[in-house]
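Per the working numbering, residue 9 is the first one in the sequence shown, and the count goes up by one each step.
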Amino acid sequence: MGIAISLISDKENMMSIDFEFNQINYNDQLNLNNYKQYKFGFEYLTQMGTPIRGGLMYRTAYIPIMTPVSMFTFGTGKTIGNMVIDAAVTYYVQSFSYPDLFPVEGDIRTDYDLVR
Numbered sequence: 009m010g011i012a013i014s015l016i017s018d019k020e021n022m023m024s025i026d027f028e029f030n031q032i033n034y035n036d037q038l039n040l041n042n043y044k045q046y047k048f049g050f051e052y053l054t055q056m057g058t059p060i061r062g063g064l065m066y067r068t069a070y071i072p073i074m075t076p077v078s079m080f081t082f083g084t085g086k087t088i089g090n091m092v093i094d095a096a097v098t099y100y101v102q103s104f105s106y107p108d109l110f111p112v113e114g115d116i117r118t119d120y121d122l123v124r
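Structure representation (structure tokens):
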């Protein structure tokens with residue numbers, strides 16, 4: 009299930025803004041959690057026609073030991089003749105809890121280590 013909203017400016021489509029929401033349900037299959045995903049993005053065309061793009065995405069954890077993920081994206085592009093060149097970057101940090109790989113003798117902690 010999902011919903012998406014797009015707003016495009018009227019003046020030669022100089023700016024567009026998108027928002028998207030998805031809810032994914034696994035119905036207890038594969039030991040995965042149901043999760044939600046929120047996306048926000050924009051594209052702006054400069055006076056030279058070069059696009060500048062950016063976006064944010066947030067997703068709740070779909071694997072029980074994982075933490076929610078926030079992503080930041082940005083990009084641009086250029087058209088040269090019949091060739092279109094696009095470049096994009098995505099940045100995010102993922103962390104999860106994991107049993108201690110190297111237990112210390114006498115350590116009585118019962119919690120998991122946080123791996124980043």
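Every residue, glycine too, gets a C-beta built ideally from N, C-alpha and C.
For residue 23, the enclosing beta strand (DSSP E) stretches over residues 23-32. Taking C-beta atoms as the reference points, residue 61 and residue 77 fail to come closer than 8 Å. Using a Cβ distance threshold of 8 Å, residue 92 and residue 81 do not count as a contacting pair. Counting other Cβ atoms within 10 Å of its Cβ, residue 113 stays below 16 and is therefore classed as exposed. One thing to note: residue 30 has its Cβ no nearer than 8 Å to the Cβ of residue 42. Partner residues in the beta bridge of residue 87, as assigned by DSSP, are 92.
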